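Below is one structure, written out as structure tokens; the observations come after it.
There are 2 protein chains.
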Amino acid sequence: MKITSRFTVAVHTLLVIYYFSGKEKTTSDFIAASVNVNPVVIRRTLLSLKGAGMIEVKAGSGGADIVKDLKEITLYDVYRAVECVDGDLFHFHENPNPSCPVGRSIHSVLDVHLADAQAALENSLRGVTLAQIVQEFEAHRGA
Amino acid sequence: MKITSRFTVAVHTLLVIYYFSGKEKTTSDFIAASVNVNPVVIRRTLLSLKGAGMIEVKAGSGGADIVKDLKEITLYDVYRAVECVDGDLFHFHENPNPSCPVGRSIHSVLDVHLADAQAALENSLRGVTLAQIVQEFEAHRGA
DNA sequence: TTTTATTGTAATGTCAAGCATTACATCTAA
DNA sequence: TTAGATGTAATGCTTGACATTACAATAAAA
Chain F
273 MKITSRFTVA
283 VHTLLVIYYF
293 SGKEKTTSDF
303 IAASVNVNPV
313 VIRRTLLSLK
323 GAGMIEVKAG
333 SGGADIVKDL
343 KEITLYDVYR
353 AVECVDGDLF
363 HFHENPNPSC
373 PVGRSIHSVL
383 DVHLADAQAA
393 LENSLRGVTL
403 AQIVQEFEAH
413 RGA
Chain E
273 MKITSRFTVA
283 VHTLLVIYYF
293 SGKEKTTSDF
303 IAASVNVNPV
313 VIRRTLLSLK
323 GAGMIEVKAG
333 SGGADIVKDL
343 KEITLYDVYR
353 AVECVDGDLF
363 HFHENPNPSC
373 PVGRSIHSVL
383 DVHLADAQAA
393 LENSLRGVTL
403 AQIVQEFEAH
413 RGA
């Protein structure tokens, strides 16, 4: 099991828009060439990012622009925008037997810990902004 | 996307073995009745848990026993035993374009943060032992 | 106003994973 | 030797991810 690549594609997409904004028309074709996926995949990604209020897309004329401060976009925001995970991260088996003492209580006991683990993951993503990622890009290029 | 229910099934399985050990013959059929899945699913789970050195299964005569201190089995150990996640949790798009500055560096920049998030999840699971879960069961039953 | 490039979106196909289930060879204890 | 289990292969179903084709709607430029 893996978390869908829509997430890393979306981050990549935002960075391409940021870096080429003003210099190139950042169409779905242009972005797709950098990410190396089908342009339709990028268009769907753009739709999600637009829905999350991060970008503006120009239908017809083409291109996208970032309309939110990169300091205020975290990896978690992107992760949410593309709906990597549908509610609970862990899939709990549906119908434990309520006439068994273990089956009866396992949900309430385990749920807390699963939620904690999921929160740990998401908080980690919340701790990283795109502004920070951009900085790291500069550092990486300098190296 | 969700992490496979093999994980919660495995935890449930271990708890059933623990609670009924000595009182009932904990066969795959018996456990399956509590978890409410097909017995073959339980047999495969038992294989994984046996492989991880947590239980002993009696082929032929039937039944399973825990052979490791519950204080030394964490949720992370179970999660690993049933192979919920194959290596990296996040699926990175495979071939970013190396002739684009973004495509060239995105892997190295992003990987660190993805690994951090995954580690946060796993460390959270590492912090909970089955012994603790059993205690919480008692508390839950008393309430 | 027509053309042209682009987005928005539906439809389709392929592939892999998860889970359920049947079937049966193998094993062990009574 | 028999009865009840496990170990394991095989099969089918369903779902989700991803790729791709196609085309209507849109907007800017000619």
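Just so you know, the sequences run in chain order F and E. All the letters of the first sequence, read from the start, carry residue numbers 273 to 415 under the working numbering. All the letters of the second sequence, read from the start, carry residue numbers 273 to 415 under the working numbering. By construction, the Cβ of each residue, glycine as well, lies at the ideal position given by its N, Cα and C atoms. It should be emphasised that the depicted structure is a prediction, and the values quoted were computed from it without experimental measurement.
Counting C-beta neighbours from all protein chains within 10 Å, is the total for F:Arg413 16 or more, i.e. buried, or is it exposed? exposed
Say whether chain E places a C-beta atom closer than 7 Å to the C-beta of F:Glu344. no
Is there a Cβ from chain E that is less than 7 Å from the Cβ of F:Met326? no
Using a cut-off of 9 Å between C-beta atoms, extract the partners of F:Ser293 located in chain E. Within 9 Å Cβ-Cβ: nothing; F:Ser293 doesn't reach chain E, min ~12 Å.
What residues of chain E sit near F:Val374, judged by a beta carbon separation below 7 Å? His284, Leu287, Val288, Tyr291, Ser306
Starting from E:Asp337, follow the beta strand (DSSP E) in both directions and report where the run begins and ends. 336-338
Beta-carbon proximity check, E:Val374 vs F:Leu287, cutoff 7 Å: yes
Is the region 341-359 of chain F touching the region 274-283 of chain F, taking contact as three or more C-beta pairs under 8 Å? yes
Where F:Val313 falls: helix, strand or coil (DSSP): helix
Boundaries of the alpha helix (DSSP H) in which E:Glu410 is found, first to last residue: 402-414
Name the one or two DSSP bridge partners that F:Thr280 has. None, per the DSSP bridge assignment.
Check whether chain F comes within 7 Å of E:Thr276, counting only Cβ atoms and requiring the distance to be less than that. yes
Looking at the strands, I want to know which residues DSSP matches up with E:Thr346. E:Thr401
Output yes if chain E places a C-beta closer than 7 Å to the C-beta of F:Asp338; else output no. A quick correction: the sequence has Ile, not Asp, at residue 338 of chain F. By this cut-off, F:Ile338 is not an interface position.
Report back the beta-carbon spacing between F:Ile314 and F:Ile303 to the nearest angstrom; my notes put them in contact at under 8 Å. 5 Å
If you compare alpha carbons, which of F:Leu393, F:Thr298, F:Ser293, F:Ala403 is closest to F:Gly332? F:Thr298
For the alpha helix (DSSP H) holding E:Val307, just list the boundary residues, first then last. 300-307
Going along the chain, which residues of its own chain have a beta-carbon closer than 8 Å to the beta-carbon of F:Glu344, five neighbours each way excluded? Thr401
Distance, Cα to Cα, E:His421 vs F:Phe364? This structure cannot speak to residue 421 of chain E, because chain E is shown only from 273 to 415.
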